[in-house]
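In the numbering used here, the protein residues as written are 250 to 795.
One structure is given below, encoded as structure tokens.
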Amino acid sequence: MENRNFIRTIIEEDLRTGKHAFPITRFPPEPNGFLHLGHARAILMNYHLAIEYGGYFNLRFDDTNPVKEDLIFVEGMKEDIAWLGCDWKNVLFASDYFEEMYQRAMLLVTKGLAYVCDLTPDEIKDYRGDLTSPGKDSPYRNRSIDENTALFAAMRNGEFKDGEKVLRAKIDMASPNMNLRDPIIYRIQRAYHHNTKNQWCIYPMYDFAHPLEDAIEGITHSLCSLEFEDHRPIYDWFVKHCEMPKVPRQIEFGKLIIANQITGKRHIRKLVEDGVVEGWDDPRLITLSGLRRRGIPPKAIENFIKALGLPKSQGETEIEMFYEYVRDYLSVEARRIHGVIDPIKVVITNYPENHVESLEAPFHRDNEALGTRTVNFGKVLYIEREDFIETKPNKKWKRLSLGEEVRLMHAYFIKAMQVIYDDNGEVLEVHCTYDDKTKSGSGFNDRKPNGTIHFVEASTAQEVEIRLFENLLLEENDRNAPIEERLNPNSKVVRKGYIEGNVKPKSSEAFQFTRLGYFALDQDSKEDNLVFNRVVELKSSYKIKK
RNA sequence: UGGGCUAUGGCCAAGUGGUUAAGGCAUCGGACUUUGACUCCGACAUCGGUGGUUCGAAUCCACCUAGCCCAGCCA
């Protein structure tokens, strides 16, 4: 099931040569938003690669920018990651290392490899040059080590205003790699930090902080996405010149992008504000919290991610592939019950009035461990509207129609005798007869029914709310149109339906409603008002032939 | 236009000089079926292009083309 990948090859090589005894990885999110399916690749791959090769995995919050970060995001992320089944060895924060980072930066200063720069942001931008022309040295680039030492200490002590000065690495203003044009290491920013409170008024920048965090933790393989490829030289530069005892290796891979899904923070925020979606955990979103609420099993996410592998190229994966892994998992694990979403009434004319009998039925034909339940049968039933048509259209029709006999799953054969229509010409009732010799499990084999359909006994059925979801965005004609113009008006449809009476659903358990799809209880459910989300539909090879 | 990276069937993805070019998703046939599900069989590519090296190349070289990333005191 699991693809080979180039990172595996690297790790195996490092183990073989004795460079490392075991791998140590980490997932380093900035706590400034919500995790989505795309992040699951980084989380699961970091975790499983470490565990599989006998190492361990850390969760580290990269909280070096207090104005964007918040504790509520760290709690949410921990919940999502734990839900995916990734047990971190340590929960760490970049901010735990602020003192050491400061000391390492000071080391750079004393080695003449970093300097305090007084240029304004605009000037810095100016001096940086652009993609095709080299930058110019800052006039402050050649301050003495003593002066820089004093100035950097003064920055820490709060002697300057926000933004007044920065500490920069002295590398090469003419480098064709923009990241090497004397990158900023520290900025002055008086902001409350969720972890260090008001202890610091200077904060390290990503390019400086990240390699040190990895090195401090002894991370062996530091996985990140492709856009950091040209940061690798600077990553290595800081590890080396800061004299870090342990040397991590940055390896870049392609992010997981799911086609035609909304994952951008500002986009989702707008959908929430506009009321298109009900929150960050709306089941139509592919945020981890949304998938969880919808009823997607985390193991299905893991299987999907492992099947995708870890490429160095960047593609877009179709959401259908993900859904297939959800079905694949649920097909084995989910209990089956009968549910009817668009009911029509079936009256069994030769069945006694006011009588309901109980029939035993397995929850899963091929998985006995899931046990059995009793299914009620009586004179009045509900079947799915689309399972009946007055005149059998062709030999392929494997459902109910006048004069045809079908099996009601786990019950009896019934034959349709008469249709009652309402004033609008809609089918109101189908009158049928049943044959008591055909009871399920009796071994009756004299006739073959025209297919098998499911049903719910009306008097004992539980009425439930069912939420049917479709993709938030319509299949793209022009993918560049604004999101508001691409929204699917039917992304959420709420229906009243019925499920069989003797099953008490447990929260967050996904059921298969036989022949319809997988459904799981939503958190909005109440004792007397069960609410189901459709997790995924079942596949169907049924084609309407003209 | 400077630098970095990528390019294998509709989608994802193995493959690193000699294989019938893995596998998954999708699709199309067919078998089975108390779910038109599941399961099971079968079909489905010559590797962005062009030259070259080689007995032999998706794998090496050259040139070309296309796409992505980089000019935050964001990560």
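Every residue, glycine too, gets a C-beta built ideally from N, C-alpha and C.
All values reported here derive from a predicted model rather than from experimental measurement.
* Asked: Are the CB atoms of Lys-631 and Phe-704 nearer to each other than 8 Å?
  -> The residue asked about is misnamed: residue 631 is Tyr in this sequence, not Lys. Contact flag set, yes.
* What number of angstroms, rounded off, separates the C-alpha of Phe-553 from the C-alpha of Ala-710? -> 36 Å
* **Rounded Cβ spacing between Val-365 and Arg-392 (contact assumed at less than 8 Å)** => 7 Å
* Cα separation between Phe-781 and Asn-737? -> 21 Å
* Mapping DSSP to helix, strand and coil, what is Tyr-441? -> coil
* Name the two residues that bound the continuous alpha helix (DSSP H) containing Phe-612. => Phe-612 -> no alpha helix (DSSP H), and no H or E assigned at all.
* Pairwise C-alpha distance: Met-404 and Ala-270 -> 41 Å
* Asked: Where does Thr-687 sit, in a helix, a strand or coil, going by DSSP?
  -> helix
* To do: With DSSP as the reference, please indicate the residues paired to Val-340 in a beta bridge.
  => Leu-308
* Cβ separation of Asn-751 and Asn-625, assumed to be a contact under 8 Å, to the nearest whole Å -> 7 Å
* To do: List the residues that DSSP assigns as beta-bridge partners of Tyr-631.
  => Lys-594 and Val-705
* Looking at Val-595 and Gly-627, is the spacing between their C-beta atoms short of 8 Å? -> no
* Cut-off 7 Å between Cβ atoms - residues of its own chain near Leu-429, not counting five sequence neighbours on either side -> Ile-420, Asp-421, Pro-482 and Ile-483
* To do: May I ask you to list the residues that DSSP assigns as paired with Ser-471?
  => Gln-499
* From Glu-733, Gly-746 and Asn-720, residue whose alpha carbon lies closest to that of Glu-714 -> Gly-746
* For Trp-332, which residues from the same chain have a beta carbon less than 8 Å from its beta carbon, with the 5 sequence-adjacent residues on both sides left out? -> Leu-537, Arg-541 and Pro-547
* Rounded to whole angstroms, what's the CA-CA distance from Arg-275 to Arg-265? Just pull it up for me. => 22 Å
* So, helix, strand or coil for Phe-199, using DSSP? -> This structure cannot settle anything about residue 199, because the visible part of the chain is limited to 250 through 795.
* To do: Closer than 8 Å by C-beta to Tyr-389: which residues in its own chain qualify, once you throw out the five before and the five after it? Chain order, please.
  => Tyr-364, Val-365, Cys-366, Asp-367 and Leu-368
* Asked: Among Tyr-574, Glu-551 and Pro-453, which has the Cα closest to the Cα of Ala-289?
  -> Glu-551
* Use the C-beta contact count for Ile-669: other C-beta atoms within 10 angstroms, 16 or more gives buried, fewer gives exposed. => exposed
* Three-state class that DSSP yields for Lys-561 in the structure shown -> coil
* Asked: For Gln-448, which of helix, strand or coil comes out of DSSP?
  -> coil
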